[in-house]
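Using our numbering, read the sequence shown as starting at 694 and increasing by one per residue. Every residue, glycine too, gets a C-beta built ideally from N, C-alpha and C. Worksheet: the structure to be examined is printed underneath.
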Amino acid sequence: MKNKLMLQLKQRRVKQVCLTLVLWMSFTAVSVAQTTTYWWNDAVFYEVFVRSFKDDNGDGQGDLRGLMSKLDYLNDGDPSTHTDLGVTALWLMPIQQSPSYHGYDVTDYRTVEADYGSNQDFKDFIAAAHSRGIKVIIDYVMNHTSSQHPWFTNSVASLDNKRDWYIWQNPKPTMTGPWGQQVWYTKSTGNNYYAIFWSEMPDLNYSKPEVKTEMFDVAKFWLQDMDVDGFRLDAVKYIDEDGSTLEDTPETIQFWKDFKVSYKAADPDAFAVGEAWTTTDKIAPYVNNGGLDYCFEFDLATAIINATNSGSTGNVNALKSQIDAVISTYPFLQYGTFLTNHDINRSMSQFNNIAKAKLASNLLLTLPGVPYIYYGEEIGMIGSGVDENKRTPMQWKNSTQSDFTTGTPWRPLNADYTTKNVEVQQTDATSLWNNYRKLIALRNNQTALKKGTYKSITASTTTAFSFLRQFGNENIIVVSNMSSSTASSIQLTLTQGGITAGNYVLVELMGGTQLPVVIDNNGGFTNLAIPSMPGRSTYIYKLLLSAQVSTSLTLKVNMNAMIAAGNFNPLTETVNIVNDFGISATALSDADADGIYTIIVSSIDIGSKINYSYRINDSNDGRQETLTREYIILEGANTVTDIYQSQTVTAIENVLKSGISIYPVPSHEELFIEFSHEFSGTINYQITDLIGEERMASSFITTAHAGQHQLLCEGFAPGVYLLNLSYNGIKQVFKIIIQK
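Here is the structure:
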């Protein structure tokens, strides 16, 4: 069978010579004038290894319920809070049935890995993510299956039953793979099969139409039945073999074009991002001329890492050149950017330096492309060497097993989890986590950073890197000092910037100073002096007219927990704000008597970095907000909401804030509320529709153990409702979906 297949492929290869030349000419001449963008260009993606993210049931393996419990960490849906990261899309590493910990060898393409939960758990997770505005894509491994997949076991056992779903040949070929590896393996005498990665991952034979049909149908199943938003496609280079050519064949390129037609027919809004781990010029055919929506840009990732690590003129110039190459190669903004992933040493293991990690994140989230963040990068997790080291459990807290699991983790946590974790970094305004959070918020709010064009800006210092992102009249200028030394005299020159001539102010959006600038008749500027820049730092400026540089700020603090605990008396005590931004009226008011105290600042400069804390009374009695608050003023009306709590928080309050699971979502009238920790007390609940009309209200008493409570939503029309839970002034709201 393989001899015949290889002969056919060799014949087709000759016929494809002219086609290949045409493809080369077309993908090297992509027009950058086209500026069409799609929903994924608005997104910031976060790559999750479910097994290592959060364990819900205590078996030491991360699971979908655990991931669902951390959705509010990823994005709580409320832009006025600053305890969530703010990402808007997730890429889940393989979640289908597999015998391996990583999941890249599938045994059942239509069933969720048992360690992670059930298909219903996945549907509940998708609904919960979508309710927060988070898109979800999943890894889809199409090149090969597990050797334990029933298709392969049948292929081994019989010459008739799925024999030709895989690639067999006798005698055994002597060829090796692209990196010198063995690719032909023997099951028994005369049974030699092809597997480009290793013996337990046999390649599927896509010259068999039934294989292609089945795998395309699997994609439709996940899009239509399981409601995913797209796919990350593993190992796209190896689908089809052409004689001794085992990667990047014309048949492989055509396969992905056919796949795109299929998944777009199933869901026009779906997309696929390909993993073609190769150079930019070899990736291009997978994207251009009707190919995949986009692929990951490995050369650009390497260039960012190298320029950040060394700060040398040579590597900075190489980064600039690579960006120019990327922009001229692909359709407008259609490529995935990243620093690292599950196959590459974590960036902190490459940098071993917080300033470098911040600098790299500054570049990732301001450069054009679709950015991807690997879980744990936001707190500087380390990991290198064998793959398992790069995929260790997420570090949440300085507590037993870092709050990843109540059991024994599938893989030991990094030893530094006691000091390097989410909880510690959320309270440190200068942390890597807060740098990521601010950058993500900035990208989410600035269209030019998501959809804008890119133009290089000349810097007088060779280790400085500057560029303009432009969308309509929105102009953002980014300048980075890539070296480790302070740069005191960087001057920038922009020719033909396309900006209307006039007097402007450059507002630094990460809390820096404002800078006046005159735009000349050519739409640019010459020798614009930038204030002194510390080593490995970035300034992100927005160009505004003088009348646009200030806005309003509303600060709110929820005192209900303090009131309920008897630690605050609204009749005799006041809430005051201690601040560094010069407001004279420091007392907050509670005009609605709802326990939420408010103060409004009518004029404050955009880009200002403010610090503040709340204090009861003017007497400074020691009860001061334990978290340091820092906020950067954005354009438009700013609203920031905080919750004031005493330092002694009861166990039940902790559970109500972070230890509740609501399922199933969607529900068929029967709804379960599950608590993760032991406590006793009375929980009040209320279910309302989206316009606030009450549909059900009561309370239940929790017993002194972790438990489950049932609510029957009988007579509810299908739709979306809000479940409000409260105890002792602490409130939590969950979105629920009722369906028939």
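Which of the three DSSP states is assigned to residue 903 in this structure? helix
Checklist entry - What's the gap between the Cα of residue 888 and the Cα of residue 1038? => result 25 Å
ask   = What do you reckon, are the CB atoms on residue 1229 and residue 1013 nearer than 7 Å?
value = no
For residue 1238, which residues from the same chain have a beta carbon less than 7 Å from its beta carbon, with the 5 sequence-adjacent residues on both sides left out?
1197
- Message: What does the alpha-carbon distance come out to for the pair residue 826 and residue 1232?
- Response: 29 Å
Beta-carbon proximity list for residue 1324, same chain, < 6 Å, skipping 5 on both sides: 1303, 1333
Can you give me the C-alpha to C-alpha distance between residue 1205 and residue 1405, rounded to a whole angstrom?
53 Å
Work out the CA separation of residue 1272 and residue 1306 for me, nearest whole Å. 7 Å
**Request:** Report buried or exposed for residue 1227, applying the criterion of at least 16 other Cβ atoms within 10 angstroms of its Cβ.
**Result:** exposed
Quiz prompt | Uninterrupted alpha helix (DSSP H) stretches inside the segment 1042–1095 (no shorter than 4 residues) | solution = 1047–1057
Fill in: Spatial distance of residue 971 from residue 1023 (CA atoms)
15 Å
message: If you reduce the DSSP assignment to three classes, tell me which class residue 944 lands in.
response: helix
Need the endpoints of the beta strand (DSSP E) that residue 1441 sits in, please.
Given that the chain is displayed from residue 694 to residue 1433, the structure contains no residue 1441 and the question cannot be resolved.
query: So residue 893 is in the alpha helix (DSSP H); what residue range does that whole segment cover?
result: No alpha helix (DSSP H) contains residue 893, which DSSP labels as neither H nor E.
*Leaving aside the five residues before and after residue 1429 along the sequence, list all residues of the same chain whose C-beta is less than 7 Å from its C-beta, in chain order.*
1355, 1358, 1360, 1364, 1414, 1416
Problem set entry | Presumed contact (8 Å Cβ cut-off) between residue 1030 and residue 1073, rounded CB distance | Contact flag wrong, Cβ pair sits at about 19 Å.
- Is the CB-CB distance between residue 951 and residue 942 below 7 Å? no
For residue 768, which residues of its own chain have a beta-carbon under 8 Å away from its beta-carbon, when the five flanking residues on both sides are left out?
777, 778, 779, 780, 781, 825, 826, 827
* Asked: With a cut-off of 8 Å, do at least 3 Cβ pairs link the segment 1130–1150 to the segment 1159–1171?
  -> yes
| request: Give the range of the beta strand (DSSP E) segment to which residue 1159 is assigned. | output: 1157–1164
Taking the straight line between their C-alpha atoms, what separation do you get for residue 1117 and residue 1328? 29 Å
Next item on the list: Within the same chain, show all residues whose beta-carbon is closer than 8 Å to that of residue 1432, passing over the 5 residues directly before and after it, in chain order.
Entry: 1359, 1360, 1361, 1411
Check: When we look at the beta-carbon of residue 1264 and count the other beta-carbons within 10 Å, is it buried (16 or more) or exposed?
Finding: exposed
Residue 1266 in three-state terms, based on DSSP: coil
Inter-residue spacing [alpha-carbon to alpha-carbon] between residue 1152 and residue 994:
22 Å
* Since residue 1016 and residue 1147 are thought to touch, with beta carbons under 8 Å apart, how far apart are those beta carbons, to the nearest angstrom? -> 7 Å
- Quick one: give me the first and last residue of the alpha helix (DSSP H) that residue 844 is part of. 843–850
Please go through the segment 759–843 and give each complete alpha helix (DSSP H) segment of 4 or more residues, from N-terminal end onward. 764–767, 812–824
Hey, could you find the ends of the alpha helix (DSSP H) residue 1303 is sitting in? Looking at the DSSP string, residue 1303 is not in any alpha helix (DSSP H); the run it does join, the beta strand (DSSP E), is 1302–1309.
> Counting pairs of beta carbons, one from the segment 1241–1250 and one from the segment 1208–1221, are three or more of them closer than 8 Å?
Replying inline: no
Residues of its chain near residue 988, where Cβ-Cβ distance is below 8 Å and the 5 sequence neighbours each way are ignored: 929, 966, 967, 968, 969, 976, 979, 980, 1028, 1029
Under a three-way DSSP split, which group does residue 1386 fall into?
coil
- Task: Report the rounded CA-to-CA distance for residue 742 versus residue 803, giving the unit in angstroms.
- Result: 19 Å
**Item:** Presumed contact (8 Å Cβ cut-off) between residue 1107 and residue 1093, rounded CB distance
**Value:** Wrong, their Cβ atoms sit about 15 Å apart, outside the cutoff.
Taking its Cβ as the centre, do 16 or more other Cβ atoms sit within 10 Å of residue 732, making it buried, or is it exposed? exposed
Residue 784 and residue 818 - do their beta-carbons sit closer together than 7 Å? no
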